[in-house]
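Okay, structure first, notes after.
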Amino acid sequence: MKVQAIADYIYCVHADIKTTELFEGIWPIPQGVSLNAYIVKGEKTALIDLFRDWSGAAGQVEGALSSIGVKFSDVAYLILNHLEPDHTDWLKEFRAKNPKAEIISTQKGLDLVKSFYKIDTGVRAVKDGDSLDLGGGRVLSFFETPNLHWPETMVTWDAASGTLFSCDAFGSYGAIGDKVFDDQCDGKERAFFEGESLRYYANIVSSFSTFVERAIAKLACLDIKCVAPSHGLVWRKVPREIIDRYAKYASWAKGPAEREIAVIWSSMYGNTKAGVDAVVRGIEKEGVPYTLHRAPDEDVSYALAAAYRSSGLVIAMPTYEYAIFPPMAYVLDVFRRKHIFGKKALRIGSWGWVGGAKKEYDAVLANLKWDSLESYEWAGYPSEADISVLEERGRELARRL
């Protein structure tokens, strides 16, 4: 993997992970994900963030380091901004190769170093405003950014180059190859990373949006010329783009979000789908954009991203054994866990011998805090009268946005 220089003393050394294994054991990454680490050279050398040896990541990073004449044993300081295992799981192996490197993190980070990896020597706790002098005029500073997205997280700042090493903050899914920087990507590639930054945010960060806003406010005093996260592109041409994008995403947690509707649906035999088609015709008549997501055919991570972005939701599922169709029950549980609150919603669905989904759905609504139109249900295939009502419900939801 080609090493890219951010400055004449800062290098991005990354591994591209391409696997069918799920990110965090739950989220698909069909286009992969990068694990970015950074070398900062002064009279002493710092390595910022580590990695999990996933899909040969250790070999990729070791090869990248060798291309700039650095070995793991040359590192004087290992800075851990965040202790999630995708950034730290190789720590014992690193310590075996380099027992002298000092591990630097927040106190809560070092607590996790001890509990996860049984290491409690050669460590240093830092807090807001602390700095690390590498010699030769290279000084790194630290800012605590708790709950972004774990309690121990911090960012590392190099004032001389204006580089913010932000770990999971301002990251995205997607392998980056040799196009590490935003200005190396064409329009199609940038659009891909925009979509994957939203999906990453909705999947990983959305529950912590208040802390995203606090962190952005806290870092506003910095003259940021480069944002260097541990997943996805490094932003050097327009670093404000990814920061502003995260600020926008965070604002959606309180609503309103975009003026569009995410239609999330399941159907067993086509009866509920016929109702969905009618609702969509109503939405189209009002000219409101919408997206369609069928569960369980499409992974919930994509529906989650669409729901997070949209101010309106259509939730459509049949009754299944007196309750919500199980794939949609899972979707709604993920929405609850990820704080998909404050939406304007319509729930529809068919039933066979008896209903029941509505009762369970109404109980779910108490947790989701949605402004909901009255649910609409029907037996079997929708009649012409049902179709008429469903089209009008679609129009009404669209008008409410």
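Under numbering that gives the first Met the number 0, read the sequence shown as residues 0 to 400, first letter to last. Note that beta-carbon positions come from the ideal geometry of N, C-alpha and C, so glycine has one too.
Inter-residue Cα distance where the pair is residue i and residue j
{"i": "LEU367", "j": "GLY55", "result": "41 Å"}
{"i": "TRP26", "j": "GLY135", "result": "43 Å"}
{"i": "GLU257", "j": "LYS96", "result": "50 Å"}
{"i": "TRP377", "j": "TYR329", "result": "23 Å"}
{"i": "ASP157", "j": "LEU163", "result": "7 Å"}
{"i": "LYS70", "j": "ILE263", "result": "50 Å"}
{"i": "CYS406", "j": "LEU131", "result": "What is shown of the chain runs 0 to 400, which leaves residue 406 out entirely."}
{"i": "ALA190", "j": "GLY62", "result": "30 Å"}
{"i": "PHE93", "j": "ALA45", "result": "13 Å"}
{"i": "TRP251", "j": "ASP243", "result": "13 Å"}
{"i": "TYR116", "j": "LEU90", "result": "7 Å"}
{"i": "GLY274", "j": "ILE215", "result": "43 Å"}
Reduced DSSP category for residue i - H, G, I as helix; E, B as strand; rest coil
{"i": "PHE164", "result": "strand"}
{"i": "ASP228", "result": "One detail in the question is off: residue 228 reads as Pro in this sequence, not Asp. The answer is strand: DSSP assigns PRO228 an E or B state."}
{"i": "ARG94", "result": "helix"}
{"i": "THR44", "result": "strand"}
{"i": "GLU257", "result": "strand"}
{"i": "GLU101", "result": "strand"}
{"i": "GLN59", "result": "helix"}
{"i": "VAL233", "result": "strand"}
{"i": "ILE282", "result": "helix"}
{"i": "PHE71", "result": "helix"}
{"i": "GLY31", "result": "coil"}
{"i": "LEU303", "result": "helix"}
Test item: CB-CB of residue i and residue j under 8 Å
{"i": "LYS43", "j": "TYR10", "result": "no"}
{"i": "ASN80", "j": "VAL154", "result": "yes"}
{"i": "TYR172", "j": "TYR200", "result": "no"}
{"i": "ILE260", "j": "SER309", "result": "yes"}
{"i": "VAL112", "j": "VAL122", "result": "yes"}
{"i": "PRO150", "j": "LYS187", "result": "no"}
{"i": "ALA36", "j": "ILE28", "result": "no"}
{"i": "LEU109", "j": "ALA124", "result": "yes"}
{"i": "GLY379", "j": "ASN270", "result": "yes"}
{"i": "ALA306", "j": "PHE334", "result": "yes"}
{"i": "PRO317", "j": "ALA356", "result": "yes"}
{"i": "ALA174", "j": "VAL32", "result": "yes"}
Own chain, CB closer than 6 Å to residue i, minus 5 neighbours either side, in chain order
{"i": "LYS272", "result": "SER266"}
{"i": "ASP88", "result": "ARG51"}
{"i": "ASP298", "result": "PRO27"}
{"i": "ALA6", "result": "SER160"}
{"i": "PHE210", "result": "ASN146 and LEU147"}
Beta-carbon contacts of residue i that lie in its chain and below 7 Å, excluding the five residues immediately before and after
{"i": "GLU285", "result": "ARG394, ALA397 and ARG398"}
{"i": "VAL237", "result": "ASP181"}
{"i": "GLY170", "result": "TYR199, PRO228, SER229, HIS230 and GLY231"}
{"i": "LYS358", "result": "none"}
{"i": "PRO288", "result": "GLU259"}
Inter-residue CB distance, residue i and residue j (contact presumed, cutoff 8 Å)
{"i": "ALA294", "j": "ALA302", "result": "7 Å"}
{"i": "LYS337", "j": "TRP369", "result": "The pair is not a contact, with the Cβ atoms about 14 Å apart (cut-off 8 Å)."}
{"i": "ALA344", "j": "LEU312", "result": "4 Å"}
Cβ-based neighbour list, residue i, same chain, cut-off 8 Å, excluding 5 preceding and 5 following
{"i": "ASP127", "result": "PHE141, PHE142 and GLU143"}
{"i": "LYS391", "result": "In the sequence under discussion, the amino acid at residue 391 is Glu, which differs from the Lys named in the question. Closer than 8 Å at Cβ, skipping near neighbours: GLY281."}
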